[in-house]
Amino acid sequence: MIKTKNMKRISEILRSDFQIVKIAIENFTLLHHEVIIRIEIHSKEFGNEVIIFENVSGVNINADYYFCSENSSILIEDISSAQMEDINYNVTISEDAMSFYCKDISID
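Position one of the sequence shown corresponds to residue 1 (my numbering), numbered consecutively onward.
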């Protein structure tokens, strides 16, 4: 689970005026490796931050060409009470253009 301090910081950043700078998917094509998604964002209030989504599964990209704009958003839904093994969060980026599940979220 996310530590309360990290979740508070992430919530503050996502409520601010921010823009997604880069999305990097690590270990996506490697068998038996943990998939990690790193999203670098720039906020006028907080500067550059990287949100790290660990133990990612169910990646769904609903666009032929994915891009980020100044209107991009990140929604994090806590689904830990659903008792799905190794899944605590449902993450949606930019109005369903990309979605995935993950076990842990941290900030770098």
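Even for Gly, the Cβ is constructed at its ideal location relative to N, Cα and C.
The beta carbon of E40 lies closer than 7 Å to those of V21, K22, N48, V50 in the same chain, with the five residues before and after it left out.
For the pair I36 and L75, the Cα-to-Cα distance works out to about 17 Å. DSSP, reduced to helix, strand and coil, places A24 within a strand of the structure shown. Closest option to K44, judged by alpha-carbon separation, among E77, S81, R15: R15.
Per DSSP, reduced to three states, the secondary structure at I13 is helical. Excluding its 5 nearest sequence neighbours in each direction, S72 has C-beta neighbours in its own chain below 6 Å: I20, S94, listed in chain order. The shortest C-alpha to C-alpha distance from D104 to any of N62, R38, F18, I13 is the one to R38. Nearest to N62 by C-alpha distance, out of S99, N55, N88, is S99.
Only buried fits F53, as 16 or more other CB atoms lie within 10 angstroms of its CB.
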